[in-house]
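As structure tokens, the structure follows; a few thoughts come after it.
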Amino acid sequence: MFTPLSNDLTSNVYSSTTKTGRRSSGLSFQDYLRAKTMTSDSPLLQRGSLKNMSGSSYLGASPYGYVKSPFLSDHYNSPLLSQGSSYSSRTRQSDEAGGTGQVSRVNSAQPGEYDYNVVKVGEVDRAPMAMFEHNGELIISAITRNGIDETPIWSYSQDQGVEKRSQLPEQAESGHYGFSFGDGFHLVPESNGGMIDYTADSPDGPWVKHDYSHLNPHSYKQLNWGYAYKSPETGEQFMGFGNRDHPGVVIKYNEQAGDWETFAAPEDMRFPTGMGVISEGENKGTTLISSATYGRSMIHKVNPDGSTEKVADFDDWGLLRLDPNEEVAYMTVGNGRVYWADFDNLNQWKECKYEKPSGSVDHVETGLGEPGIHPDTGCMIFNALDMEKGNTAFYEAQRQGDDIVLKQVLFLEGVGQWAGKTATAGGDMYFGSGVTTGKRADATHGAIYRLTASKTA
Numbered sequence: 001m002f003t004p005l006s007n008d009l010t011s012n013v014y015s016s017t018t019k020t021g022r023r024s025s026g027l028s029f030q031d032y033l034r035a036k037t038m039t040s041d042s043p044l045l046q047r048g049s050l051k052n053m054s055g056s057s058y059l060g061a062s063p064y065g066y067v068k069s070p071f072l073s074d075h076y077n078s079p080l081l082s083q084g085s086s087y088s089s090r091t092r093q094s095d096e097a098g099g100t101g102q103v104s105r106v107n108s109a110q111p112g113e114y115d116y117n118v119v120k121v122g123e124v125d126r127a128p129m130a131m132f133e134h135n136g137e138l139i140i141s142a143i144t145r146n147g148i149d150e151t152p153i154w155s156y157s158q159d160q161g162v163e164k165r166s167q168l169p170e171q172a173e174s175g176h177y178g179f180s181f182g183d184g185f186h187l188v189p190e191s192n193g194g195m196i197d198y199t200a201d202s203p204d205g206p207w208v209k210h211d212y213s214h215l216n217p218h219s220y221k222q223l224n225w226g227y228a229y230k231s232p233e234t235g236e237q238f239m240g241f242g243n244r245d246h247p248g249v250v251i252k253y254n255e256q257a258g259d260w261e262t263f264a265a266p267e268d269m270r271f272p273t274g275m276g277v278i279s280e281g282e283n284k285g286t287t288l289i290s291s292a293t294y295g296r297s298m299i300h301k302v303n304p305d306g307s308t309e310k311v312a313d314f315d316d317w318g319l320l321r322l323d324p325n326e327e328v329a330y331m332t333v334g335n336g337r338v339y340w341a342d343f344d345n346l347n348q349w350k351e352c353k354y355e356k357p358s359g360s361v362d363h364v365e366t367g368l369g370e371p372g373i374h375p376d377t378g379c380m381i382f383n384a385l386d387m388e389k390g391n392t393a394f395y396e397a398q399r400q401g402d403d404i405v406l407k408q409v410l411f412l413e414g415v416g417q418w419a420g421k422t423a424t425a426g427g428d429m430y431f432g433s434g435v436t437t438g439k440r441a442d443a444t445h446g447a448i449y450r451l452t453a454s455k456t457a
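Under the UniProt record's numbering, think of the first position of the sequence shown as 1, with each following residue one higher.
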């Protein structure tokens with residue numbers, strides 16, 4: 001259910017493309033969320049600092065919402081491929097990266113303009129979590145629990161492939177989110193130790209630890225689920241922290257002061273899962289924050305004057321993403337539903353419509369992952385995980401009159417455990433998730449794919 005608030009308010013890959021126009025993991029959504037709190041204490045390192053914190057690029061990710069979908073077998077029939085290969089109904093994509101990796105403001109594709117394809121580029125020890133670009137490389141961390149006693153950091157580049165580069169000084173539940181700030185990058189873990197952030201100027205380290213718990217105005221300080229976001233539109237930098245039913249907090253980097261400060265901390269906000277800054281229109285300067293806890297998520301609006309108001313409530317875990325090309329905010333919810341609102345009307349949230357090859361459906365797979373804008377098409381791409389069978393369907397958001405339709409454009413078999421992550425690096429879009437192996441979803445290894453788009457003939 002959605003409640004709007006007005007001001008009264010496997011190793012095998014199965015993939016396919018079309019024109020746009022696990023065996024059981026044994027892990028339910030509630031089990032997943034409960035598992036996040038089963039942490040062990042670890043000693044704190046000394047605080048440090050990193051100089052010259054000026055802005056560059058963003059991308060991060062977030063897991064949530066896994067329960068069985070009624071549409072488990074409703075997918076494309078497409079060729080079964082061996083590991084490491086790719087398939088396109090039209091064009092084989094070259095394994096090249098180029099460009100800046102920044103998602104630019106481009107005109108969105110019209111329905112029928114692009115075919116999508118995936119190319120596997122490598123694997124990591126666990127399902128990917130943080131994925132973002134730094135100096136042309138894709139930086140990757142993962143869920144690191146259940147049989148792994150470190151939190152590794154990997155990188156991917158065309159020349160070197162996927163490489164393990166270092167590990168965080170302390171094991172964490174995961175390296176959760178991150179972004180590049182020019183001379184270095186932030187990696188915010190699920191730390192077990194409070195509002196912790198690590199910085200480094202290279203994935204090789206060294207790592208400097210920062211504790212921002214003093215910026216938490218609430219009485220409960222152990223907000224160990226971390227989030228990081230940098231606006232690709234404005235360059236503003238944010239980090240967020242929360243867990244369970246305790247009030248969350250978002251902090252912001254003050255460029256003039258050269259330090260972090262408390263940005264938003266309403267009592268009813270929980271763990272921040274998504275953010276976006278509106279840079280044009282009637283709500284220019286407004287920041288949106290999604291936050292979530294067990295069986296619930298919400299969206300807060302932070303106005304340019306600093307005042308905060310809640311604009312929507314949802315009855316499942318969810319996360320927010322903005323599409324500046326279409327001037328639309330999206331909220332993906334763990335019951336297989338996606339909601340949207342125009343930038344100029346943030347109190348009116350509507351549900352998307354959904355279309356599979358077999359026709360319209362009531363909702364998509366309930367393991368909705370992190371959406372992202374494809375740099376070649378300007379279209380928002382959603383990934384939805386079937387955690388029961390371990391597959392992933394991809395959907396392109398298409399405007400159709402007064403509606404937005406999520407149309408399935410790609411299907412990937414054998415990958416779709418724990419979380420679905422996206423990032424843009426080197427001008428290409430990447431997707432990461434856990435490989436279906438029969439192990440627990442947080443104990444299987446992960447795979448990284450390049451998501452390509454080619455013009456239809």
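C-beta: ideal position from N, C-alpha, C; glycine also. Since the structure is predicted, the reported quantities are computational estimates derived from the model, not experimental observations.
Distance check for K230 and A393, CA to CA, integer angstroms please. 27 Å
According to DSSP, simplified to helix, strand and coil, what is L385? strand
Close beta carbons around G84, own chain, < 7 Å, minus the five adjacent residues each side: Reliability of the predicted coordinates at G84 is poor, the pLDDT of 32 falling under 50, and the value obtained from them is presented with this limitation in mind. For G84, where only same-chain residues beyond five positions count, the Cβ hits under 7 Å are K120.
Under 8 Å between the Cβ atoms of K252 and E233? no
Which whole-angstrom value describes the C-beta separation of V409 and Y116, a residue pair presumed to lie in contact below a C-beta threshold of 8 Å? 5 Å
Provide the residue span of the beta strand (DSSP E) that contains I299, from first to last. R296 to V302
Could you compute how far the alpha carbon of Y220 sits from the alpha carbon of A292? 17 Å
I want to know whether the region 210-227 touches the region 152-167 - three or more CB-CB distances under 8 Å. no
CB A453 to CB Y114, shorter than 8 Å? yes
Range of the contiguous beta strand (DSSP E) that encloses T332: V328 to V333
Which of helix, strand or coil does DSSP assign to H134? strand
Buried or exposed, going by whether 16 or more other CB atoms sit within 10 Å of the CB of Q256? exposed
Whole-angstrom distance between E327 and Q400, CA atom to CA atom: 15 Å
Helix, strand or coil for H218, going by three-state DSSP, please let me know. coil
S291 - DSSP class collapsed to helix/strand/coil: strand
Who are R321's beta bridge partners in DSSP? Y330
Three-state secondary structure assigned by DSSP to S213: helix
So, helix, strand or coil for I373, using DSSP? strand
Using only CA atoms, which one of D323, E150 and G194 lies nearest to V277? D323
Within the same chain, show all residues whose beta-carbon is closer than 7 Å to that of D125, passing over the 5 residues directly before and after it, in chain order. A142, I148, P152 and H445
Minimum length 3: unbroken beta strand (DSSP E) runs contained in the region 379-446: 380-386, 391-400, 403-413, 415-425 and 428-435
If I'm right that residue 469 touches F382 with Cβ under 8 Å, what's the distance once you round it to whole angstroms? It is not possible to answer for residue 469, since the shown part of the chain is limited to 1 through 457.
Considering only DSSP beta bridges, list what W260 is partnered with. Y253
Buried or exposed for G414, please, with buried defined as at least 16 other CB atoms from any protein chain shown within 10 angstroms of its CB. buried
Three-way DSSP call (helix, strand, coil) for L346 in this model: coil
From Y339, A419, L138 and A425, pick the residue whose C-alpha is nearest to that of T436; which is it? A419
With a CB to CB cut of under 7 Å and the five nearest residues on each side skipped, what residues in its chain are close to K455? E113 and Y114
DSSP three-state assignment for A341, whether helix, strand or coil: strand
How would you label G258, buried or exposed, when you count the other beta carbons within 10 angstroms and need 16 or more for buried? exposed
Below 8 Å on the Cβ atoms is my contact criterion, and I expect E365 with D386 to pass it. Report the Cβ-Cβ distance as a whole number of Å. 5 Å
Once you ignore the five residues that flank R337 on each side, which residues in its own chain have a CB closer than 7 Å to its CB? E351 and H363
Put L451 into one of helix, strand or coil per three-state DSSP. strand
Using a Cβ-Cβ cut-off of 8 Å (strictly less than) and excluding sequence neighbours within five positions of L319, which residues of its own chain qualify? S62, Y64, T273, G274, S290, A292, S297, M331, T332 and E370
I need the DSSP call for E163, collapsed to helix, strand or coil. strand
Kindly indicate which residue of H218, E170, G194 and F241 has the alpha-carbon position closest to the one of P206. E170
Do you know how far the Cα of G184 is from the Cα of I404? 38 Å
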